[in-house]
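Q:
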């Protein structure tokens with residue numbers, strides 16, 4: 001198709017009108033308007049308006065051609081599909097959009113949906129369509145509207161209105177049918193009730209249509225009430241889908257987004273076609289929405305963003321629920337964290353020893369070494385979790401989601417910054433307790449083991465080469481902090497993995513599946529089977545997150561070796577244990593030991609900051625929340641630290657009511 005030039009616009013219009021080819025006329029104009037990425041679209045629409053105004057005969061012939069052509073097309077498929085997700089589900093919709101890019105489907109020139117798809121080829125068209133002011137479009141539409149013969153205009157109005165009625169009827173049937181979707185019934189079994197909001201809305205819509213078809217007055221107040229109830233129900237389902245204990249999937253997110261889009265479309269159609277003679281401004285508004293939606297219809301990125309949000313929120317919500325248990329506000333909680341971290345430090349010292357002595361000395365194949373190291377880490381982390389101990393760096397990925405939840409619930413202002421600053425101080429204090437418990441105990445136990453080994457065996461536990469390697473491995477002047485950041489990335493991933501599997505448990509209702517599993521029924525008595533089911537349902541995500549975290553840590557070095565890239569990990573707890581072994585096995589002196597301890601703490605800071613900030617970023621995006629002013633929060637935190645410096649490292653005594661409130665938050669009351 002050849003597009004017109006600015007100076008040949010009149011000739012182009014006259015040629016297409018003479019050929020009675022309305023589609024080619026519109027396609028040529030669309031190509032002309034989108035040139036230079038649509039930067040001159042507004043200017044060219046003004047030129048089109050001027051051209052039509054200067055030649056009334058051409059304008060009248062163009063209007064007559066377009067009206068006759070539009071009256072011959074099927075309209076309602078466009079009204080019920082553009083901008084509304086299909087019933088295929090997220091995966092099939094994604095595959096269909098990807099396939100459409102490589103092998104586009106046949107477009108029927110007698111269907112307005114396909115005509116729009118041919119005219120508006122990608123989402124860049126939506127940008128210039130929106131950038132042109134609605135008043136400019138209205139001026140163009142009004143000019144053509146005025147020049148359309150009266151009898152054709154009346155015929156076209158009636159036809160468009162009937163197509164709109166058909167679309168409203170189809171959409172209301174869809175909504176009533178969604179009440180039977182198993183994924184939604186799982187979230188809210190009341191949808192199966194005969195008088196559910198969706199079914200009642202379908203009845204009211206049918207009454208509205210019957211009245212308007214018979215040209216009778218209709219009081220739509222009850223319809224508006226039912227519409228609001230349906231919107232409330234969708235919002236409730238969305239919250240159930242993102243709340244702890246429900247579980248979400250991409251298909252659920254896709255379905256709820258489709259419901260929301262369908263209600264928005266019905267409202268738009270009801271508004272547009274309620275009048276006997278639809279207003280031009282309403283028709284233009286509807287056309288603009290359909291045009292932009294068509295331009296974005298095959299966008300994979302838009303589909304991903306619209307569907308992934310609820311799943312991400314559900315995953316980070318599960319992470320947030322765990323995160324509350326990693327925040328200490330009272331002395332009792334603080335000491336509990338220290339004891340838990342100390343227990344973790346014992347196992348970390350043993351895991352570090354196993355990796356150095358058995359894995360490092362007996363496995364030479366890089367892949368086998370990575371797998372063995374990963375299993376050592378992963379199974380060790382899982383054991384630490386089962387014994388209710390703590391790995392210091394596991395908390396930030398959890399507590400960041402808790403911080404994001406607090407941001408979402410808050411309004412803006414100084415008082416909110418004070419609360420977030422206090423939460424930030426609570427998080428930092430909790431991390432200090434956990435890191436101290438891990439590092440002190442892991443390093444101390446490592447030194448004791450090395451001393452006992454030296455006295456009983458007469459030789460140091462590490463060779464000189466191993467001592468030199470461990471000392472060098474924490475030196476920040478090399479790639480150590482980069483490796484620590486990689487470990488922080490894996491910490492973030494482990495939190496997301498934990499949240500994903502927690503969400504999966506809720507979605508599958510794993511507890512009841514295990515209780516009723518036919519094999520487990522034969523193997524375990526009912527009481528024990530119930531305990532196993534409850535434990536796995538509650539802790540499956542954490543167990544999987546710990547095992548996956550360990551494997552990520554272990555395999556990073558192999559991937560770096562295979563690709564020839566500087567990839568490895570440094571973890572504060574294991575680095576502290578390694579330095580403990582090296583300090584006794586070597587002869588590096590007190591200054592090197594103190595320096596190495598400082599470097600280990602620096603590794604810990606990088607581990608914590610990277611994992612916390614990544615998780616916070618994802619959690620805020622999934623909740624569509626944002627922090628108004630980090631500076632304001634830091635200023636409030638600094639004021640609180642100046643007033644009570646020790647509160648950063650040790651909690652003050654809380655009033656009884658505040659303590660009870662903190663406990664209530666932890667237990668979700």
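In the UniProt record's numbering, the protein residues as written are 1 to 669. Glycine included, every Cβ here is placed at the ideal spot set by N, Cα and C.
Excluding the 5 residues preceding and the 5 following residue 157 in the sequence, name in chain order all residues of the same chain whose CB lies nearer than 8 Å to its CB.
A: 277, 278
Q: To the nearest angstrom, how far is it from the Cα of residue 414 to the Cα of residue 632?
A: Caution is warranted here: a pLDDT of 47 is assigned to residue 414, below 50, making its placement in the model unreliable, and the coordinate value is therefore given only provisionally. C-alpha separation (whole angstroms): 8 Å.
Q: Can you tell me the Cα-Cα spacing of residue 35 and residue 77, whole angstroms?
A: 29 Å
Q: Which residue comes first and which comes last in the alpha helix (DSSP H) that contains residue 680?
A: It is not possible to answer for residue 680, since the shown part of the chain is limited to 1 through 669.
Q: With a CB to CB cut of under 8 Å and the five nearest residues on each side skipped, what residues in its chain are close to residue 375?
A: 550, 551, 554
Q: Just checking, does the stretch 477-485 make contact with the stretch 588-596 on the three C-beta pairs under 8 Å criterion?
A: no
Q: Please state the DSSP three-state secondary structure of residue 111.
A: Here residue 111 sits in strand by DSSP.
Q: Starting from the C-beta of residue 428, find all residues in its chain whose C-beta is less than 8 Å away, skip the five residues before and the five after it, and write them out in chain order.
A: 648
Q: According to DSSP, is residue 40 helix, strand or coil?
A: coil
Q: Taking Cβ positions, are residue 124 and residue 82 nearer each other than 8 Å?
A: no
Q: Candidates 548, 209, 231, 343: which alpha carbon is nearest residue 371's?
A: 548
Q: If we count the other Cβ atoms within 10 Å of its Cβ and call it buried at 16 or more, is residue 131 buried or exposed?
A: exposed
Q: Find the nearest neighbour of residue 559 within the set 582, 368, 187, judged by alpha-carbon distance.
A: 368
Q: Nearest to residue 541 by alpha carbon, out of 520, 497, 514?
A: 497
Q: Just the C-alpha distance for residue 643 and residue 387, rounded to the nearest angstrom, thanks.
A: 38 Å
Q: Buried or exposed for residue 329, going by 16 or more other Cβ atoms inside 10 Å?
A: buried
Q: Return the chain-ordered ranges of every alpha helix (DSSP H) run that is complete within the stretch 461-496 and spans a minimum of 4 residues.
A: 464-473
Q: Using CA atoms only, rank isn't needed, just tell me which of 176, 117, 154, 106 is closest to residue 64.
A: Out of 176, 117, 154, 106, 154 has the C-alpha closest to the C-alpha of residue 64.
Q: Quickly, what does DSSP pair residue 74 with across the bridge? List them, please.
A: In the DSSP output, where bridge partners are listed per residue, residue 74 has 111.
Q: Report yes or no: do three or more beta-carbon pairs, one from the stretch 524-536 and one from the stretch 573-583, lie closer than 8 Å?
A: no
Q: Out of curiosity, what's the CA-to-CA distance linking residue 169 and residue 101?
A: Cα to Cα, the separation comes out at about 32 Å.
Q: What residue does the alpha helix (DSSP H) around residue 540 start on, and which one ends it?
A: Per DSSP, residue 540 belongs to the alpha helix (DSSP H) from 526-563.
Q: Which word fits residue 234, buried or exposed, when buried means at least 16 other C-beta atoms lie within 10 angstroms of its C-beta?
A: buried
Q: Of all the options 425, 358, 255, 432, which has the alpha carbon lying nearest to the alpha carbon of residue 182?
A: 255
Q: Between which residues of its own chain and residue 25 is the CB-CB distance below 6 Å, once the five residues before and five after are set aside?
A: 16
Q: Are residue 352 and residue 437 close, meaning C-beta to C-beta below 8 Å?
A: no
Q: In whole angstroms, what is the alpha-carbon distance linking residue 269 and residue 224?
A: 14 Å
Q: What does the Cβ neighbour count give for residue 664, buried or exposed, with the cut at 16 atoms within 10 Å?
A: Low per-residue confidence applies at residue 664: pLDDT is 42, beneath 50, and the placement is therefore not dependable, though the value from the model is reported in the following sentence. When all chains shown are included, residue 664 counts as exposed.
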